Amino acid sequence: MRRPAATPSLVAASLLAVGLLLAGPGCGGNKSTTNGHKKAVIQNAGSDTLVNVAQAWAEEYAEVEPTVSVEVSGGGSGTGIAALIAGTVDIANSSRHVTPEEAARAKQNTGKEPVEFVVGYDALAIFVNRANPLEEITIGQIAEIYAEKGRYTRWSDLGVQLPGKGGDKIIRVSRQSNSGTYHFFREAILGKKADFRLGSLDLHGSKEVVELIERTPGAIGYSGMGYATPRVKMLRVAKQPGAPSVLPCAESTLNGSYPIARPLLMYTLGEPTGHVRQYLRWIYSDAGQQRLAQCGYVPVPPERRPRLDS
Amino acid sequence: MTKRGQREIILEWLIESVIRLCGVSAILFVFSIFFFVFREGGAVLFKHFKFGEFFFSPEWYPSSPSHVRYGTLALVAGTFSVTALAMVIAVPFGIGAAIFVSEFCGPKLKETLKIVIELLAAIPSVVWGFIGLTVLNPLIIRLFDAPIGLNVLNGGVILALMSVPIIVSIGEDALKAVPDSYREAALALGATRWQLIYRVLLPAAKNGLLAAGLLGVARAVGETMAVLMATGHAINIPTSLLDPVRTLTATIAAELGEAPVHSDHYRVLFVIGILLFLITTAVNLTADLIIRGVRKK
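Sequence lines, in order, name chains V and X. Position 288 of the first sequence, counting from 1, maps to 288 under our numbering, and the rest follow consecutively. Position 258 of the second sequence, counting from 1, maps to 568 under our numbering, and the rest follow consecutively.
Rendered as structure tokens:
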């Protein structure tokens, strides 16, 4: 029986077409621009706290230095540092310090140690719903709410009466465990050895935390102060009962009076060179630091900025 | 034979082998996935693995600074509570819809309904998750005066909506497989439509309908993204429908990216994968055996 030979060649042609489609956009380290020049790419990944500002920096830097493109992704501090150790990113963003084990693994894997840059500061704000009459809280009270053996499960334990019937239960909002914010909060509030109590809602981003608190009357949660919106309430935090309670802001973060503040970090493998070094120098420039301040974080004072001469 | 004939024979053989390869590849994929999951998870099973803790402790502390614990009881309870609620809602709805589609509606409405139900199955699970997060969450808070709307109820409703299409299409097939002579005989004996369905069709199609329900269960157990968003992702053994929970699948999705490759945490997540694999395989196998039972009759 004779069949038109078109069918197999059609199959072959479509396979070829699929292959071409897949091979089309290259994923190399260098992109060629329309006029044929090679564009250098800086890979930048990590902390979700830093991702907004890293994105803003990348966009602005594209105008300052059109030959360099910075590709930013989030995923959490742990993810960024893991990528740095694997050698797949040039700069890792982190909202916690690299652990000695991670530094050792980087050294073992790539022969270079991670170098730390403090590119700004962040204060971790404690958020509650607008309907909550609470205005201030102490570190000890936050620990009683979040720690494994904490005693506070209802708002009435804190002497707070929430409007509405179902609202007395404290809805603890937390972060998933690869978040740098999660680790920093645990260390700063619960101490080095303690654990969170199970049953908190572990969300996947700083913004989600704020959005959930906005809609949930009985919720409490933590996020970088840059994520504050007019629809949630930031609490004043006191180190201990009787001590003055402070709102997170630039001044209270830098002078240390706000108790839950931390540096925002960028890591490179070994001393940065070339494009990466230039990019970091620009981040420490007044323009870069101003952009950081616009995102709701606290800039590095000029005397604390490193000199990155080429 | 002409030259052209020879070329055709070769081509035909080529295409036949390609198609055979496509068929066999499914088996290959299943076994390689099985092998991979066991290889990644297996290493932890044969050294210092605490089976008692894994199955009977609700304490899941994979990144504790002082005392790491891998108890999955709360996660299993989360998966089962959400799945059970989903089935309580989806099975009556799905079977009811299947009965309506196969027995009551006219051919035109039937076509429309089938297309719309299939469309329901095509909605991506992230979109279902969004609906849970933004529509059901405030609704549950308002209706039940609940402290939080991301809970078993939310996840169960979302999962029910996701498994209804599967139950309807398989249930409808099962009803269609009942010979028309049964219907004619029942009507000839003076049975009402209700009696026909209740006394004749449902018993005759019960295996197929059971299989439909079981496949719905498999779908619900394996679902990840929608439950990750709708259940609140809180490690908690639920005592009411309004408690937030976390499921086995959501735990893997949220934590695998962070766990250092080949660490204990990473391997335990794969052990959870094995557990899920066993659950869904058991459910699918049961459904398959039941369907085969139908065909033999």
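Backbone N, C-alpha and C define an ideal beta-carbon position, used for all residues, glycine too. As the structure is a computational prediction, the values presented were derived from the model and not from experiment.
Burial state of residue i (16 or more Cβ within 10 Å)
i, result
"Asn311 (chain V)", "Nothing about residue 311 (chain V) can be reported from this structure: the residues present for chain V run from 1 to 310 only."
"Ala597 (chain X)", "buried"
"Trp608 (chain X)", "As shown, chain X starts at 311 and ends at 607. That puts residue 608 (chain X) outside it, with no answer to give."
"His572 (chain X)", "exposed"
"Lys233 (chain V)", "buried"
"Arg304 (chain V)", "exposed"
"Asn30 (chain V)", "With a pLDDT of 43 at Asn30 (chain V), under the threshold of 50, the predicted position of this residue should be treated as unreliable, though the coordinate-derived value follows. Counting Cβ neighbours within 10 Å, Asn30 (chain V) comes out exposed, since fewer than 16 surround it."
"Ser327 (chain X)", "exposed"
"His358 (chain X)", "exposed"
"Tyr279 (chain V)", "buried"
"Pro66 (chain V)", "exposed"
"Pro25 (chain V)", "Residue placement at Pro25 (chain V) cannot be trusted, given a pLDDT of 38 that sits under 50; the coordinates are not used to answer."
"Ala498 (chain X)", "exposed"
"Thr561 (chain X)", "buried"
"Asn35 (chain V)", "In this predicted model, Asn35 (chain V) has a pLDDT of only 46, less than 50, meaning its place in the structure is not dependable; the value taken from the coordinates is given anyway. With fewer than 16 other Cβ atoms within 10 Å, it is exposed."
"Tyr227 (chain V)", "buried"
"Ser32 (chain V)", "Bear in mind that a pLDDT of 41 at Ser32 (chain V), under 50, signals an unreliable position, so the model cannot answer this."
"Ala407 (chain X)", "buried"
Residues bridged to residue i [DSSP beta-bridge criterion]
i, result
"Met266 (chain V)", "V:Asn93, V:Phe117"
"Glu136 (chain V)", "V:Arg236"
"Ile126 (chain V)", "V:Tyr222"
"Ala147 (chain V)", "V:Phe196"
"Arg231 (chain V)", "Answer is none; Arg231 (chain V) lacks a bridge partner."
"Lys169 (chain V)", "V:Arg154"
"Arg175 (chain V)", "V:Leu203"
"Ala261 (chain V)", "V:Ala123"
"Val555 (chain X)", "X:Gly542"
"Val246 (chain V)", "V:Val237"
"Val98 (chain V)", "Note: Val98 (chain V) sits in no beta bridge, so no partner."
"Val467 (chain X)", "Answer is none; Val467 (chain X) lacks a bridge partner."
"Trp438 (chain X)", "None; Trp438 (chain X) has no bridge partner."
"Val298 (chain V)", "V:Tyr121"
"Trp370 (chain X)", "X:Tyr380"
Proximal chain X residues relative to residue i, where beta-carbon distance stays under 8 Å
i, result
"Ile142 (chain V)", "The premise fails here: Ile142 (chain V) is roughly 18 Å from chain X at the closest Cβ pair, so nothing lies under 8 Å."
"Ala228 (chain V)", "Neighbours of Ala228 (chain V) on chain X: none; closest Cβ ~21 Å, over 8 Å."
Chain V contact residues for residue i, given Cβ-Cβ distances below 7 Å
i, result
"Ile545 (chain X)", "Leu198, Gly199"
"Gly542 (chain X)", "Leu201"
"Pro554 (chain X)", "Leu201"
Cβ-Cβ distance between residue i and residue j below 8 Å
i, j, result
"Val68 (chain V)", "Thr268 (chain V)", "no"
"Arg172 (chain V)", "Ile220 (chain V)", "yes"
"Ile399 (chain X)", "Ala431 (chain X)", "no"
"Gly459 (chain X)", "Leu446 (chain X)", "yes"
"Val53 (chain V)", "Cys295 (chain V)", "yes"
"Thr559 (chain X)", "Val593 (chain X)", "no"
"Glu428 (chain X)", "Leu485 (chain X)", "no"
"Arg151 (chain V)", "Lys169 (chain V)", "no"
"Gly180 (chain V)", "Gly76 (chain V)", "yes"
"Ala522 (chain X)", "Gly481 (chain X)", "yes"
"Ile85 (chain V)", "Gly46 (chain V)", "no"
"Met266 (chain V)", "Phe127 (chain V)", "no"
"Gly535 (chain X)", "Gly388 (chain X)", "Inspection of the sequence shows that residue 535 (chain X) is occupied by Met rather than by Gly. No."
"Ala544 (chain X)", "Ser177 (chain V)", "no"
"Ala143 (chain V)", "Leu190 (chain V)", "yes"
"Gly120 (chain V)", "Val300 (chain V)", "yes"
"Leu469 (chain X)", "Val401 (chain X)", "no"
"Glu330 (chain V)", "Asn93 (chain V)", "Since the displayed chain V opens at 1 and closes at 310, residue 330 (chain V) lies outside it and no answer follows."
Neighbouring residues, chain V, relative to residue i (Cβ below 9 Å)
i, result
"Leu460 (chain X)", "Leu201, Leu212, Thr216"
"Asn447 (chain X)", "Leu212, Arg215, Thr216"
"Ser376 (chain X)", "Lys192, Lys193, Ala194, Asp195"
Amino acids of chain V, ordered along the chain, whose beta-carbon sits closer than 8 Å to that of residue i
i, result
"Trp370 (chain X)", "Leu198"
Partners in chain X for residue i, counting only beta-carbon separations shorter than 7 Å
i, result
"Ala56 (chain V)", "The premise fails here: Ala56 (chain V) is roughly 24 Å from chain X at the closest Cβ pair, so nothing lies under 7 Å."
"Gly74 (chain V)", "Residues of chain X passing the Cβ test: none, with the nearest at roughly 11 Å."
"His97 (chain V)", "Within chain X, no residue comes near His97 (chain V); the closest Cβ sits about 14 Å away, beyond 7 Å."
"Gly78 (chain V)", "Glu568"
"His275 (chain V)", "Within chain X, no residue comes near His275 (chain V); the closest Cβ sits about 28 Å away, beyond 7 Å."
"Ala188 (chain V)", "Result: empty, since nearest Cβ-Cβ is about 13 Å, beyond 7 Å."
Partners in chain X for residue i, counting only beta-carbon separations shorter than 9 Å
i, result
"Asn178 (chain V)", "Ser373, Ala564, Glu565, Gly567, Glu568, Ala569"
"Lys169 (chain V)", "Pro457, Ile458"
"Ala147 (chain V)", "Going along chain X, no residue has its Cβ under 9 Å from Ala147 (chain V), so there is no contact; the nearest lies around 12 Å."
(message) In chain order, what are the residue ranges of uninterrupted beta strand (DSSP E) at least 3 long that sit wholly in the region 33-90 of chain V?
(response) 38-46, 68-75
(request) Report the residue ranges of all alpha helix (DSSP H) runs contained in full by the region 377-432 of chain X; include only those spanning at least 4 residues, in chain order. (result) 383-409, 417-431
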